[in-house]
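First residue of the sequence shown? That's -11 in my numbering, and the numbers climb one at a time after it. Beta carbons: idealized from backbone N, C-alpha and C, even for Gly.
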Amino acid sequence: MNYNFQEIEAKWQKYWANNQTFKASNNSDRPKFYALSMFPYPSGAGLHVGHPLGYIATDIYARYKKHKGFNVLHPMGYDSFGLPAEQYAIQTGQHPAITTETNIKRYREQLDQLGFSFDWSREVRTSDPKYYKWTQWVFIQLFSSWYNKNTDKAEAITDLISIFEKEGNSKVHAASDDDIAVFSAEDWNSFSEKTKQELLLKYRLTYLADTEVNWCPALGTVLANDEIVNGVSERGGHPVIRKKMTQWSMRITAYAQRLLDGLDTIDWPQPLKDSQTNWIGRSEGAQAEFKVQNSESVISVFTTRPDTIFGVSFMTLAPEHELVDQITTPEQKAEVGAYVEATAKRSERDRMADVKTISGAFTGAYAEHPFTKEPIPIWIGDYVLAGYGTGAVMSVPCGDQRDYDFAKHFNIPIPNIFEGIDISEEAFADKEKTIIANSDFLNGLPYKKAVKRAIFELEKLGQGKGKINYRLRDAVFSRQRYWGEPFPVYYVDGMPQMIANEHLPLELPEVEKYLPTETGEPPLGNATVWAWDTEQCTVVNNELINHKTVFPLELNTMPGWAGSSQYFNRYMDAHNSEAIYSQEAIDYWEDVDLYIGGSEHATGHLLYSRFWQKFLFDVGVAPKEEFAKKLINQGMITGTSAFVFKELDSNKLFSKGQKEGKNVIPIHADVSLVNASDELDIEAFKKWQPEYKDAEFILEDGKYIVGREIEKMSKSKYNVVNPDAICQEYGADSLRLYEMFLGPLEQSKPWNTAGITGVHSFLKKLWKLYTTVDESAEPSAENLKTLHKTIKKVEEDIEHFSFNTSVSTFMICVNELTAQKCTSKAILEPLAILVSPYAPHIAEELWERLGHSTSIAEVPFPKFEEKYLVESSKEYPISFNGKMRFTMELPLDMGKEDIEAAVMANEKTQAQLQGRTPKKVIVVPGKIVNIVG
């Protein structure tokens, strides 16, 4: 009976697909369990061995829960909109839908061969119009809502309009723009329709506004912060600049406090919670207003330390601040303009990270101190960000290091009005230090009281108020791309109107080119059939636009995170065409019980998803405020990269042992060209990189030895290992076990293909154990002990996600049963079930060979019984004059006299004594017997 893993794995993958073994029902008497892995973007490169790590872990747990009697939902789909497919379309002219379909087919083949228990009947693709219909629907709900701070929830915009009609906005406490003037009901009712719509945009949860964005000219699109690495685009490495554009934004800031509070209710990794907490960035302080001299303008600043206001010696605005153009004097225009242009080429992340470079420009304008009325020079500096706070700071050089460095660099006077007192926030964290600040109303006050008094005095002047501020900014929701969800928006008199729900989805049009238009419009500007007929309620030719019944449609598309912000809920009722999901489905599944995915999504997908979930909860669609009870961030599987060493200014490549003392640079080599002894196949390398076909290879002992380094497994580093090759040579079960065996799930660990032979040998040994199975053989006490300690350990390991130690436990168990020559079906049957979540193909085959006709996936998990681990006997060391000579197995409940009698009657004792009578026999029950001669 040979272990033909290829045949076995193909057989059971086909069986699961044909029988829909893992299809979940939305109505079951069994308790529900929803296990979810973050769905992948289907790139053309396919999967490497690092990708399945989290999927395998989720699959083990999902299969285990099914054995435990749960109705398990374990779905999979594709995050199939994205920039890579669009860039490929630009290069080749091939429609992104074709590329995406090809990539998905490749991913599906790879996922299937790994034996995952996915319910494929619920597959979703974010680029499928039947799916993005509901992404568009959520957008419309957000547009139709505002955030009422009194009730602390989203409410219908029609309710807000009713308030305006009856009493104006003076009593409205909303999350809204800051520049809204107070108006009465009479004012509102007299406003034009366009004015009303412009005002409502300042309250809606998704709105149009001029926003500073990360603009990548080479890609022709806006990028999110997490799409920029080291100041350039993650895709292609192109320069990114800051630019002001009219964009759709999501008012995620309305939910800032609830997003913080919700972290206390979910079992997510603490480092991830800390990332979100810091990203949201709650701080308490004051918003102070400084009047600009000889101007109507006012500079608003947020400070956590209003008690330091008498230390302000200059103001600093972000270069993008809207007042910069207005207040800069003619003499300073050229310098300020050049500085603003230079700063636009640096990303916000670079500016935040750069604490060494000091740069800025003087505007020539002055502000007036609220209390002293002294003039304060107004500068601009790139260490101030337009997207944080108000984009302006009151600079206190005797209390803030960056302000101090800036002042010293530009020779701005630094008044030491705090008389040596440490005024840093840390200094006051746990102490009630006293402020001495050249102020009658602050001198001598403890820190906390000084802060309150400063706010009080600012409010008295009408130049400030207490405020809670958040670092979190509203999320830009527009992208200048083709391959994304179209906005269900058309424009009447420049104002956005929503397409009615019953006419969704609004599908992407065909375009000839995927680049922006010659006039700079997004790629949808190339579409010729992209106008909305309000009478026929359909898309029509652009030539029919008359601004009476036919209007232009939005040209931007939604960002990548749009489709992933509610996909977990859509899985609950994936093909419902009448609703985002039915009440029955959402009431049954409620939320995700276990979510496994990468920590890199902490402040992107995972934050935006929580925001959408809370909104959908507010409007009565989602049943829970948080979408996932428990989240685990799997670690990374790293690759062992290979390097050749090229001498600068020559075409010589030095072997690792020959490079010392040479001026060389390391260059990645494809790991497939290197053998287990780190020897490079030189001819294959030359074919792979023709630029080195005439290079001189400096060898050692006749070989070219590469350098090695552990790095992130990545196509760009040529260190990826294809799971197809592993499955072909060792099988999917070996790959699954090995990835778990590498180490704890949450930790990063290096891949070493040579190590997989160990788990493959284990599977062959497991297979051999089932060569002879005796249905009638009674299990021995040793058999039962081995089985039940394995049940106990494996169950504990799965519950604690310690999958690596389970693999070790299986190895010990099989070794012990082999040594015991176990053939009992009563032992081997439950062992197959234990192994099933980890190595499902071999488990299914063994289960069938044990005489079963149904899938092992449907069988209950074995129950641990403590009694089989309770020892009934003791192996006593029998010593003579303190030296152990042999051992005897005796019952644990045997008395002292009986133990002595049994030992003395043993023939080995008699042989040791040779007829002598011992002086005494020392018996310690449960421990030793010592015969003193």
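- Query: Gly387: which of Thr526, Thr296, Gln314 sits nearest, CA to CA?
  - Reply: Thr296
- Do you know how far the Cα of Lys780 is from the Cα of Phe852? 6 Å
- Message: Beta-carbon within less than 6 Å of Val708's beta-carbon, same chain only, minus the 5 sequence neighbours each way: which residues are those?
- Response: His36, Met701
- Query: Which same chain residues, not among the five before or five after Ser13, have their C-beta less than 8 Å away from its C-beta?
  - Reply: So the qualifying residues of the chain are Asn59.
- Specify whether the stretch 538 to 553 and the stretch 453 to 462 touch according to this definition: at least 3 beta carbon pairs, one from each stretch, less than 8 Å apart. no
- Three or more C-beta pairs closer than 8 Å, one from the stretch 878 to 888 and one from the stretch 829 to 842: is that the case here? no
- Message: With a threshold of 8 Å between beta-carbons, can Gly592 be considered close to chain C, or not?
- Response: Protein chains in the displayed structure number just one, and chain C is not present.
- Counting pairs of Cβ atoms below 8 Å between the stretch 369 to 384 and the stretch 302 to 314, do you hit three or more? yes
- Item | Short Cβ contact (8 Å threshold) for Phe465 with Met238 | Yes, they are a contact pair.
- In chain order, what residues of the same chain lie with their CB nearer than 6 Å to the CB of Asp198, ignoring the 5 residues before and after it? Lys232, Thr234
- Query: Under three-state DSSP, which class holds Thr759?
  - Reply: In this structure, Thr759 counts as coil in the three-state DSSP scheme.
- Give the DSSP bridge partners of His923, in chain order. A query on residue 923 cannot be resolved here, the shown segment of the chain reaching from -11 to 921 and no further.
- Query: So, helix, strand or coil for Gln900, using DSSP?
  - Reply: The three-state reading of DSSP puts Gln900 in helix, counting H, G and I together.
- Message: To test your reading of the DSSP string, which unbroken beta strand (DSSP E) runs of 3 or more residues are found completely within the stretch 497 to 539?
- Response: 519 to 521, 526 to 528
- Item | Cβ-Cβ distance between Glu614 and Ile254 below 8 Å | yes
- Message: Is the separation between the beta-carbon of Ser164 and that of Tyr191 shorter than 8 Å?
- Response: yes
- Query: Cβ atoms of Lys617 and Asp581: under 8 Å apart, would you say?
  - Reply: yes
- Message: Are the CB atoms of Phe642 and Ile686 within a distance shorter than 8 Å?
- Response: yes
- Message: I need the boundaries of the beta strand (DSSP E) containing Thr209, first residue and last residue.
- Response: 209 to 211
- Where the alpha helix (DSSP H) containing Pro30 begins and where it ends: Segment: none, Pro30 is in no alpha helix (DSSP H) and carries neither H nor E.
- Just to confirm, are Glu473 and Tyr120 a CB contact at a threshold of 8 Å? yes
- Task: Identify, in the order they occur along the chain, each residue of the same chain with its Cβ nearer than 8 Å to the Cβ of Lys705, setting aside the five sequence neighbours on each side.
- Result: Gly627, Ser629, His656, Glu699
- Query: Should the stretch 20 to 34 be regarded as contacting the stretch 51 to 71, the criterion being three or more beta carbon pairs within less than 8 Å?
  - Reply: yes
- Query: Under three-state DSSP, which class holds Gln808?
  - Reply: coil
- Task: Please work out which residues of its chain come closer than 7 Å, Cβ to Cβ, to Cys518, disregarding the five sequence neighbours upstream and downstream, and give them in chain order.
- Result: Residue identity check: residue 518 is Trp in the sequence provided, not Cys. These residues qualify, in order along the chain: Pro497, Leu512, Val527, Asn530, Leu541.
- Pick from Pro767, Cys801, Thr591: whose alpha carbon is nearest that of Ser263? Among Pro767, Cys801, Thr591, the Cα nearest to that of Ser263 is on Thr591.
- Message: At 4 residues or longer, what runs of the alpha helix (DSSP H) sit wholly inside the stretch 207 to 265?
- Response: 244 to 250
- Assuming Leu857 and Val802 form a contact by the criterion Cβ under 8 Å, report the distance between their Cβ atoms to the nearest whole angstrom. Taking 8 Å as the upper bound for CB-CB distance, Leu857 and Val802 are not in contact here, some 19 Å apart.
- Message: Beta-carbon within less than 6 Å of Cys525's beta-carbon, same chain only, minus the 5 sequence neighbours each way: which residues are those?
- Response: His491
- Task: State the beta-bridge partners of Cys204 as determined by DSSP.
- Result: Under the DSSP definition of a beta bridge, Cys204 partners with Thr209.
- Does the Cβ of Ala573 have 16 or more other Cβ atoms within 10 Å, making it buried, or fewer, making it exposed? buried
- Query: Taking C-alpha atoms, which residue in Leu838, Phe849, Val917, Lys908 lies nearest to Lys871?
  - Reply: Val917
- Nonlocal neighbours in the same chain, by C-beta distance under 6 Å from Phe278, ignoring five residues either side: Ile287, Ala355
- With C-beta atoms as the reference, is Tyr954 less than 8 Å away from Pro385? Nothing about residue 954 can be reported from this structure: the residues present for the chain run from -11 to 921 only.
- Message: Just to confirm, is the Cβ distance from Ile151 to Ser133 under 8 Å?
- Response: Cβ atoms of Ile151 and Ser133: not closer than 8 Å.
- Message: Taking its Cβ as the centre, do 16 or more other Cβ atoms sit within 10 Å of Gly70, making it buried, or is it exposed?
- Response: Its Cβ being crowded by 16 or more others within 10 Å, Gly70 is buried.
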